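These notes are about the structure you will find just below.
There are 2 protein chains.
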Amino acid sequence: MNRLYHVPLSPFCRKVRLVLAEKKIEVELVDEKYWEPSADFLRRNPAGKVPVLKMGGTHLTESHAIVEYLEELHPTPALLPGTPQDRFEARRLVMWFDDKFHNEVTKNLLYERVNKKIMGQGYPESRAIKTGAQKIKYHIDYMGWLLEQRRWLAGDAMTIADFTAAAHFSCLDYIRDIDWNRNAAVKDWYAKIKSRPAFRSILADQIPGFIQPPHYADLDF
Amino acid sequence: MNRLYHVPLSPFCRKVRLVLAEKKIEVELVDEKYWEPSADFLRRNPAGKVPVLKMGGTHLTESHAIVEYLEELHPTPALLPGTPQDRFEARRLVMWFDDKFHNEVTKNLLYERVNKKIMGQGYPESRAIKTGAQKIKYHIDYMGWLLEQRRWLAGDAMTIADFTAAAHFSCLDYIRDIDWNRNAAVKDWYAKIKSRPAFRSILADQIPGFIQPPHYADLDF
Chain A
1 MNRLYHVPLS PFCRKVRLVL AEKKIEVELV DEKYWEPSAD FLRRNPAGKV
51 PVLKMGGTHL TESHAIVEYL EELHPTPALL PGTPQDRFEA RRLVMWFDDK
101 FHNEVTKNLL YERVNKKIMG QGYPESRAIK TGAQKIKYHI DYMGWLLEQR
151 RWLAGDAMTI ADFTAAAHFS CLDYIRDIDW NRNAAVKDWY AKIKSRPAFR
201 SILADQIPGF IQPPHYADLD F
Chain B
1 MNRLYHVPLS PFCRKVRLVL AEKKIEVELV DEKYWEPSAD FLRRNPAGKV
51 PVLKMGGTHL TESHAIVEYL EELHPTPALL PGTPQDRFEA RRLVMWFDDK
101 FHNEVTKNLL YERVNKKIMG QGYPESRAIK TGAQKIKYHI DYMGWLLEQR
151 RWLAGDAMTI ADFTAAAHFS CLDYIRDIDW NRNAAVKDWY AKIKSRPAFR
201 SILADQIPGF IQPPHYADLD F
């Protein structure tokens with residue numbers, strides 16, 4: 001049985017969960033407190049991070065490398081487009097969200113509000129929260145601009161770029177940090193991806209100490 | 001003519017330069033002070049980062065997405081291995097260096113010593129330097145451990161993982177932050193990659209205010 005060592009509110013873990021579910025690859029989810037790493041966990045992943053996907057006896061790490069691997073082994077349904085130009089655009093946006101959005105928004109909001117509490121590292125810094133809340137506006141506007149020209153973020157087909165962005169957005173939505181009134185195209189995009197069967201397990205997540213807001217799992221939010 | 005907007009001591013720019021050179025794709029290098037972004041530059045890259053590769057009329061950003069694109073358009077010589085498992089391992093190590101190594105080492109040493117000075121952001125923090133100098137030891141040991149089992153970092157063929165790691169190492173070597181006595185296998189690996197024609201332009205870099213150390217361009221260091 002495949003096994004994914006993860007934490008529920010990690011965008012990198014959620015991206016891998018979404019891709020596994022979309023490709024109908026069954027996996028057992030194992031909560032992993034990676035910030036209290038056991039010798040066992042560090043053997044599985046010397047980087048000491050989640051996600052770690054155990055598949056066919058090997059432990060796979062680094063979410064983007066895992067996603068490319070799953071795409072190669074299970075090409076249907078395709079989550080990378082057909083031309084090099086379109087694949088470039090999908091990968092560019094994966095990096096955009098996992099690097100730029102992650103550093104400017106996810107770290108400042110999610111890690112301050114949730115990870116610090118769970119890891120016992122004190123209270124959120126209000127300066128970070130303010131920065132994150134400010135920066136996310138620009139990102140939503142940028143996505144809105146992309147979605148004016150395309151059905152999905154990277155083009156006319158749904159790709160790993162959409163799952164990467166939706167993984168970050170779903171974590172932030174759990175802590176009520178997305179202003180869904182800012183851009184109608186972004187809200188429509190999220191409603192579309194949220195209603196996919198692959199999203200169900202993520203909408204069912206309940207994080208102790210953080211109550212799921214009523215709109216979070218509502219497909220008609 | 002292809003054009004690469006870059007800064008000389010950026011590991012992400014150097015990775016792209018190495019891949020372009022290895023694939024014999026000609027490119028004009030343009031120094032870009034991305035920390036003083038012009039409206040022109042932001043139009044080319046809304047993320048405000050380097051590298052930006054202008055190719056066939058489009059501006060490509062995000063170093064890893066660029067590398068995958070170059071690999072697809074110019075598959076010879078191959079810088080990704082032949083099997084999904086080996087490609088996974090190459091990509092995993094790209095992420096290892098561009099994420100973990102970058103955060104633990106490159107930021108603490110290179111950005112403190114060089115970027116801060118160039119950008120007029122004051123003096124290096126000694127705590128960061130100390131952390132970087134401590135962390136790099138573990139990374140060199142990890143690479144040494146990989147290289148005991150393999151000719152190159154990701155397996156028996158040279159891949160984008162080697163170029164990614166060498167891009168970080170060459171920047172740190174310029175500022176004398178690599179202890180070449182720590183691990184003989186790592187030194188041998190670097191000597192091998194440094195002697196490739198693709199490396200020449202990088203060894204010729206001269207950064208104003210930072211004198212090139214004598215061993216930096218020496219193939220027999």
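Chains as they are written, first to last, in the working numbering: chain A, 1 to 221; chain B, 1 to 221.
We treat Cβ as the ideally placed atom computed from N, Cα and C, and that holds for glycine.
The structure displayed is predicted, hence computed values, not measured ones.
| said: Given this structure, state the Cα-to-Cα distance separating Ile-178/B from Ser-170/B, to the nearest angstrom. | reply: For the purposes of this step, residue 178/B is identified with residue 178 of the second sequence, where counting begins at 1. For the purposes of this step, residue 170/B is identified with residue 170 of the second sequence, where counting begins at 1. Computed Cα separation, rounded: 9 Å.
| request: Could you tell me whether any Cβ in chain A is nearer than 8 Å to the Cβ of Tyr-111/B? | output: Start at 1 with the first residue of the second sequence, and residue 111/B comes out as number 111. No - not a single Cβ of chain A is within 8 Å of the one on Tyr-111/B.
| task | Spell out whether any CB of chain A is found under 8 Å from the CB atom of Thr-76/B. | result | Mapped onto the second sequence, residue 76/B falls at position 76. Not one chain A Cβ lies under 8 Å of Thr-76/B.
| said: If distances are taken between C-alpha atoms only, which option among Met-55/B, Val-67/B, Ala-47/B comes closest to Leu-18/B? | reply: Position 18 of the second sequence, counting from 1, holds the residue named residue 18/B. For Leu-18/B, the nearest C-alpha among the options comes from Val-67/B.
| What is the DSSP secondary structure of Gly-122/A, reduced to helix, strand or coil? | Translated into the one-based positions of the first sequence, residue 122/A becomes position 122. Three-state result, Gly-122/A: coil.
| request: Taking only the alpha-carbon atoms, compute the straight-line gap between Val-52/A and Pro-208/B and give it to the nearest angstrom. | output: Position 52 of the first sequence, counted from the start, is the residue given in the question as residue 52/A. Position 208 of the second sequence, counted from the start, is the residue given in the question as residue 208/B. Taking the straight line from one Cα to the other gives about 43 Å.
| query | chain B partners of Pro-46/A, CB-CB under 8 Å? | reply | For this step, residue 46/A is matched to residue 46 along the first sequence. By Cβ distance, chain B contributes Tyr-142.
| said: Please state the DSSP three-state secondary structure of His-102/A. | reply: For the purposes of this step, residue 102/A is identified with residue 102 of the first sequence, where counting begins at 1. Correct three-state label for His-102/A: helix.
| From the beta carbon of Leu-95/B, is the nearest beta carbon of chain A less than 8 Å away? | Numbered from its first residue, the second sequence carries residue 95/B at position 95. Per the sequence shown, residue 95/B should be read as Met rather than Leu. True, the Cβ-Cβ gap to chain A drops below 8 Å.
| How about Thr-164/A: is its C-beta nearer than 8 Å to some C-beta of chain B? | The residue given as residue 164/A occupies position 164 in the first sequence. Chain B contact via Cβ: absent.
| task | Tell me whether Glu-112/A sits in a helix, a strand or coil according to DSSP, three-state version. | result | Taking the first sequence and counting its residues from 1, one reaches residue 112/A at position 112. In the structure shown, Glu-112/A sits in a helix (DSSP, three-state: H, G or I).
| DSSP three-state call for Gly-209/A: helix, strand or coil? | For the purposes of this step, residue 209/A is identified with residue 209 of the first sequence, where counting begins at 1. Looking at Gly-209/A - three-state DSSP - the assignment turns out to be coil, as it is neither helix nor strand.
| Inter-residue spacing [alpha-carbon to alpha-carbon] between Tyr-123/A and Phe-210/A | In the first sequence, counting from the first residue as 1, residue 123/A sits at position 123. In the first sequence, counting from the first residue as 1, residue 210/A sits at position 210. Taking the straight line joining both Cα atoms gives about 14 Å.
| Euclidean distance between Cα positions of Lys-116/B and Leu-79/A | Counting from 1 along the second sequence, the entry for residue 116/B is found at position 116. Counting from 1 along the first sequence, the entry for residue 79/A is found at position 79. For Lys-116/B and Leu-79/A, the distance between alpha carbons rounds to 40 Å.
| said: Helix, strand or coil for Lys-135/B? Go by DSSP, reduced to three states. | reply: Position 135 of the second sequence, counting from 1, holds the residue named residue 135/B. If DSSP states are grouped into helix, strand and coil, Lys-135/B belongs with the helices.
| said: If distances are taken between C-alpha atoms only, which option among Trp-35/A, Lys-100/A, Tyr-174/A comes closest to Lys-135/A? | reply: Your numbering for residue 135/A matches position 135 in the first sequence. Residue Lys-100/A is the option with its Cα nearest to Lys-135/A.
| said: Assuming Leu-203/A is part of the alpha helix (DSSP H), what are its boundary residues? | reply: The sequence position of residue 203/A within the first sequence is 203, counting from 1. Residues 200 to 203.
| task | Check the Cβ of Leu-146/B against every Cβ in chain A and list those closer than 7 Å, keeping chain order. | result | Taking the first residue of the second sequence as position 1, residue 146/B is located at position 146. Those within 7 Å of Leu-146/B in chain A number zero; the least Cβ separation is about 10 Å.
| field | Neighbouring residues, chain B, relative to Glu-225/A (Cβ below 8 Å) | value | Since the first residue shown for chain A is 1 and the last is 221, residue 225/A is missing from the structure and cannot be characterised.
| request: Kindly list the residues whose CB is nearer than 6 Å to the CB of Phe-221/A, restricted to its own chain and excluding five residues on each side of it in sequence; keep chain order. | output: Taking the first residue of the first sequence as position 1, residue 221/A is located at position 221. Only His-215 meet the Cβ criterion.
| Given a threshold of 16 other Cβ atoms within 10 Å of its Cβ, counted over all protein chains shown, does Asp-98/A qualify as buried or as exposed? | The residue given as residue 98/A occupies position 98 in the first sequence. Under this definition Asp-98/A is a buried residue.
| task | Let me know if Ala-165/A comes out buried or exposed under the rule of 16 or more other beta-carbons within 10 Å of its beta-carbon. | result | Your numbering for residue 165/A matches position 165 in the first sequence. When all chains shown are included, Ala-165/A counts as buried.
| said: Under 8 Å, with one C-beta from each stretch per pair, do the region 28 to 44 of chain A and the region 52 to 63 of chain B reach the 3-pair mark? | reply: no
| query | Closest Cβ-Cβ distance between Phe-88/B and chain A: below 8 Å? | reply | Numbered from 1 along the second sequence, position 88 holds the residue referred to as residue 88/B. At least one chain A Cβ lies under 8 Å of Phe-88/B.
| Between the Cα of Leu-73/A and the Cα atoms of Phe-41/A, Gly-56/A, Gln-85/A, which residue gives the shortest distance? | Numbered from 1 along the first sequence, position 73 holds the residue referred to as residue 73/A. The shortest Cα separation from Leu-73/A among Phe-41/A, Gly-56/A, Gln-85/A belongs to Gly-56/A.
| query | Just to confirm, are Val-105/A and His-139/A a CB contact at a threshold of 8 Å? | reply | In the first sequence, residue 105/A corresponds to position 105, counting from 1. In the first sequence, residue 139/A corresponds to position 139, counting from 1. Cβ atoms of Val-105/A and His-139/A: closer than 8 Å.
| said: Give me the DSSP bridge partner(s) of Trp-152/B. | reply: Mapped onto the second sequence, residue 152/B falls at position 152. Answer is Gly-155/B, bridged to Trp-152/B.
| said: Can you give me the C-alpha to C-alpha distance between Lys-15/B and Ile-202/B, rounded to a whole angstrom? | reply: Here residue 15/B corresponds to residue number 15 of the second sequence, with the count starting at 1. Here residue 202/B corresponds to residue number 202 of the second sequence, with the count starting at 1. Distance between the alpha carbons of Lys-15/B and Ile-202/B: 10 Å.
| request: Can you grab the Cα-Cα spacing for the pair Glu-26/B / Lys-107/B, in whole Å? | output: For the purposes of this step, residue 26/B is taken as the residue at position 26 of the second sequence. For the purposes of this step, residue 107/B is taken as the residue at position 107 of the second sequence. Their Cα atoms are separated by approximately 30 Å.
| said: Can you confirm whether Pro-81/B, when its beta carbon is compared against all beta carbons of chain A, has any partner nearer than 8 Å? | reply: Position 81 of the second sequence, counted from the first residue, corresponds to residue 81/B. So, not an interface residue.
| query | Which value, in whole angstroms, describes the spacing of the CA atoms of Leu-9/A and Ala-217/A? | reply | The sequence position of residue 9/A within the first sequence is 9, counting from 1. The sequence position of residue 217/A within the first sequence is 217, counting from 1. Approximately 14 Å between the Cα atoms of the pair.
| query | Does Ala-167/A come within less than 8 Å of chain D when only Cβ atoms are used? | reply | No chain D appears in the structure shown, which is made up of the protein chains A and B.
| request: Flag Tyr-69/B as yes if its beta-carbon sits less than 8 Å from any beta-carbon of chain A, otherwise no. | output: The residue you call residue 69/B lines up with position 69 of the second sequence. Interface residue, yes.
| message | Quick check on the DSSP output: what are the complete alpha helix (DSSP H) runs of length 4 or more inside the region 34 to 66 of chain B, in order along the chain? | response | 39 to 44
| message | Among the candidates Arg-176/B, Leu-146/B, Asp-86/B, Tyr-190/B, whose CA atom is the shortest distance from the CA of Ala-133/B? | response | Counting from one through the second sequence, the residue named residue 133/B turns up at place 133. Among Arg-176/B, Leu-146/B, Asp-86/B, Tyr-190/B, the Cα nearest to that of Ala-133/B is on Arg-176/B.
| Shorter than 8 Å from the beta carbon of Leu-73/B to some beta carbon of chain A? | Locating residue 73/B in the second sequence gives position 73, where the first residue counts as 1. For Leu-73/B, the answer is yes, since a Cβ of chain A falls inside 8 Å of its Cβ.
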